[in-house]
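Protein chains in written order, with the UniProt record's numbering: chain A, 1 to 210; chain B, 1 to 210. The beta carbon of each residue, even a glycine, is placed where N, CA and C say it ideally should be. This one's a predicted model, so the numbers in the text were calculated from it and none came from an experiment. In what follows, a single structure is set out as structure tokens and then discussed.
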DNA sequence: TTCAAATCACCCTAACCGGGGGATAATATA
DNA sequence: TATATTATCCCCCGGTTAGGGTGATTTGAA
């Protein structure tokens with residue numbers, strides 16, 4: 001955990017041109033030091049510990065162990081390092097998986113070099129440097145469908161189903177009768193054209209009804 | 001939907017000093033026009049349609065109908081307006097609720113006036129202008145607990161439970177025996193010290209195990 | 001005033017859930 | 001190498017739940 005006046009950066013990226021490009025861009029920035037760069041996780045795994053990186057730029061599309069798989073392993077080797085994901089694809093699932101696995105931020109490769117350097121700085125200060133398009137995606141992922149076919153009460157019931165609650169638990173929680181819960185669930189099934197809790201949740205989540 | 005060369009802004013904020021402060025700060029910015037300002041949603045409801053706002057700054061802590069309740073109603077009256085939430089509290093639940101109800105962005109009141117103006121611009125361009133502290137919170141909300149007591153398989157099983165699947169559905173999905181699923185669930189219950197699906201999910205989500 | 005929403009009622013059968021009690025082989029991890 | 005964890009499977013049990021069918025009433029909004 002050496003914290004002098006430069007930020008120690010390690011780059012893991014298989015494309016040599018991009019790798020060297022980043023290394024150059026970041027290295028020339030005052031206050032930044034690119035300690036090392038690797039073409040794959042497997043290569044990095046042995047030596048990265050000695051690099052004592054504070055921030056790791058990690059490509060998702062890596063040969064061998066890919067970025068998502070590499071993330072938790074990296075976190076084990078250098079737990080205090082912040083990991084910034086770099087990728088060309090801004091697929092929703094990929095991003096959320098990466099964040100879940102402990103990435104501190106996420107940048108698409110079309111980000112300007114200024115933005116990248118800025119992000120490294122921000123992530124080191126504890127901020128969450130999402131690029132604008134990622135932020136948009138995250139916000140969108142939170143937003144419910146305003147044209148939901150489900151009524152307020154039905155939505156409420158389905159949410160509790162999503163919490164693993166059974167009919168009687170739901171009834172107790174909403175201060176309504178067991179039979180009323182049944183009615184709501186039946187109506188939900190009809191509206192969503194399903195006939196099981198699992199399918200109802202699947203459809204509802206896909207369409208952002210809950 | 002008049003879109004000339006100025007961004008039409010409406011402010012809903014009960015504190016007169018803050019309201020006028022924002023109005024002044026934004027109004028003096030070239031390219032921005034504060035069409036109107038209101039002290040409450042109920043006041044705004046009748047007239048805001050005529051304002052044709054493109055961006056609405058909405059305070060959460062409002063007398064009468066509060067910001068969260070106001071959001072969906074606002075969205076109904078002026079569906080094309082982007083709503084930026086303003087608040088002093090950056091409580092996690094509040095933020096996620098607001099985003100779920102259709103807020104396009106979220107700013108804490110300690111944001112600089114530059115940041116606010118910048119955010120209005122960004123939100124109008126379709127970006128998601130989260131302040132740094134909000135971004136941090138969102139990223140954190142995605143991150144799993146790396147010290148989870150659950151094994152990989154157990155985590156997987158519990159996730160499927162969270163999707164409303166029953167034992168046999170889980171067994172089929174993971175290509176394992178029904179009894180194996182039972183064992184996993186029993187072990188999950190033991191580790192989390194619970195004895196029902198609902199409690200397991202509650203504990204697991206609270207501790208970010210799934 | 002008409003329609004959706006929210007509430008409650010009773011029928012049924014098959015399946016599910018959770019609590020016991022085990023066992024075995026593979027894989028870590030110390 | 002030894003021990004612990006993990007993943008897999010097996011049996012018994014009783015009480016509950018799920019989902020299908022078919023209703024009714026009241027409230028509130030369009």
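Any C-beta of chain B sitting closer than 9 Å to the C-beta of residue i?
i	result
residue 101 of chain A	yes
residue 171 of chain A	no
residue 122 of chain A	yes
residue 191 of chain A	no
residue 96 of chain A	yes
residue 161 of chain A	yes
residue 63 of chain A	no
Within 10 angstroms of its Cβ, does residue i collect 16 or more other Cβ (buried), or is it exposed?
i	result
residue 165 of chain B	buried
residue 82 of chain A	buried
residue 16 of chain A	exposed
residue 130 of chain B	buried
residue 64 of chain A	exposed
residue 76 of chain A	exposed
residue 41 of chain A	buried
residue 102 of chain B	buried
residue 204 of chain B	buried
residue 193 of chain A	exposed
residue 69 of chain A	exposed
residue 125 of chain B	exposed
residue 104 of chain A	buried
residue 119 of chain A	buried
residue 147 of chain B	exposed
residue 50 of chain B	exposed
residue 154 of chain B	buried
I think residue i touches residue j, with their Cβ atoms under 8 Å apart; what is that distance to the nearest whole Å?
i	j	result
residue 53 of chain A	residue 6 of chain A	That pair is no contact at about 12 Å.
residue 12 of chain A	residue 58 of chain A	5 Å
residue 32 of chain B	residue 123 of chain B	No, residue 32 of chain B and residue 123 of chain B are not in contact; Cβ-Cβ is about 13 Å, not under 8 Å.
residue 99 of chain A	residue 106 of chain A	7 Å
residue 179 of chain A	residue 160 of chain A	In fact, because the Cβ distance is near 16 Å, the residues do not count as touching under 8 Å.
residue 198 of chain A	residue 158 of chain A	Their Cβ separation, rounded to whole angstroms, is 12 Å, which puts residue 198 of chain A and residue 158 of chain A out of contact at 8 Å.
residue 36 of chain A	residue 47 of chain A	7 Å
residue 73 of chain B	residue 45 of chain B	7 Å
residue 62 of chain A	residue 14 of chain A	5 Å
residue 95 of chain A	residue 134 of chain A	6 Å
residue 113 of chain B	residue 25 of chain B	4 Å
Are the C-beta of residue i and some C-beta of chain A separated by less than 9 Å?
i	result
residue 21 of chain B	no
residue 196 of chain B	yes
residue 219 of chain B	With chain B covering only 1 through 210, there is no way to say anything about residue 219 of chain B.
residue 53 of chain B	no
residue 78 of chain B	no
residue 132 of chain B	yes
residue 30 of chain B	no
Below 7 Å on C-beta distance, what does residue i contact in chain B?
i	result
residue 143 of chain A	99, 100, 102
residue 75 of chain A	146
residue 56 of chain A	Residues of chain B passing the Cβ test: none, with the nearest at roughly 16 Å.
Which residues of chain A have a Cβ atom closer than 9 Å to the Cβ of residue i, listed in chain order?
i	result
residue 200 of chain B	164
What does residue i reach in chain B if we use C-beta pairs closer than 8 Å?
i	result
residue 105 of chain A	139
residue 185 of chain A	None at all; the shortest Cβ gap to chain B is about 11 Å.
For this session: Pair every Cβ in the stretch 175 to 184 of chain B with every Cβ in the stretch 142 to 156 of chain A, then say whether three or more of these pairs are closer than 8 Å.
Result: no
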